[in-house]
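Heads up: the structure comes next, in structure tokens.
In our numbering, the protein residues as written are 275 to 397.
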């Protein structure tokens, strides 16, 4: 973002950068949600999290990145466990619970982001 952009919006450079990072955070939630239709977007979202992680440090958005990254890794872990245990019969239950948990995490994070609130400590 150049100085002309910040002058035209009336935002300080720091506020303009935070606004841009908020859009990136929203994009990751959208990619996570889209993964239920296009699985690859889940991976794209976590890649963006890791690429932009330093940029959000010391902002309220850092908690959203942590939330999103943990959603990805724990969702993947339980998805793998569920997939492996499908033949034992309990895998479908694990996969269903994992899916509900991931949907909850995406929705909860997206709502808190729209309210411009950080995620809870110890998430």
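The beta carbon of each residue, even a glycine, is placed where N, CA and C say it ideally should be.
For residue i, three-class secondary structure by DSSP
i	result
residue 390	coil
residue 275	Reliability of the predicted coordinates at residue 275 is poor, the pLDDT of 49 falling under 50, and the value obtained from them is presented with this limitation in mind. Three-state DSSP puts residue 275 in coil, outside helix and strand.
residue 223	Outside the shown range of the chain (275 to 397) lies residue 223, about which nothing can therefore be said.
residue 280	In this prediction, residue 280 scores a pLDDT of 47, lower than 50, which makes its location untrustworthy; no coordinate-derived value is stated.
residue 366	helix
From the options, residue whose alpha carbon lies closest to that of residue i
i	options	result
residue 308	380, 330, 387, 336	380
residue 325	302, 363, 362	302
residue 387	285, 284, 297	297
residue 336	353, 376, 300	300
Bounding residues of the alpha helix (DSSP H) (the contiguous stretch that carries residue i)
i	result
residue 357	336 to 358
residue 292	287 to 308
Any non-hydrogen atom of the ligand SAH within 6 Å of residue i CB
i	result
residue 392	The ligand SAH is not among the ligands present in this structure, which contains no ligands whatsoever.
Exercise for review: State whether the region 330 to 348 contacts the region 306 to 320, with contact taken as three or more CB pairs (one from each stretch) at a distance under 8 Å.
Suggested key: In short, these stretches touch, since the Cβ pair count reaches three.
Check your understanding: Quick one: any contact between the region 362 to 380 and the region 325 to 332, if contact means 3 or more CB pairs under 8 Å?
Key -> With the rule of 3 Cβ pairs closer than 8 Å, the region 362 to 380 does not count as touching the region 325 to 332.
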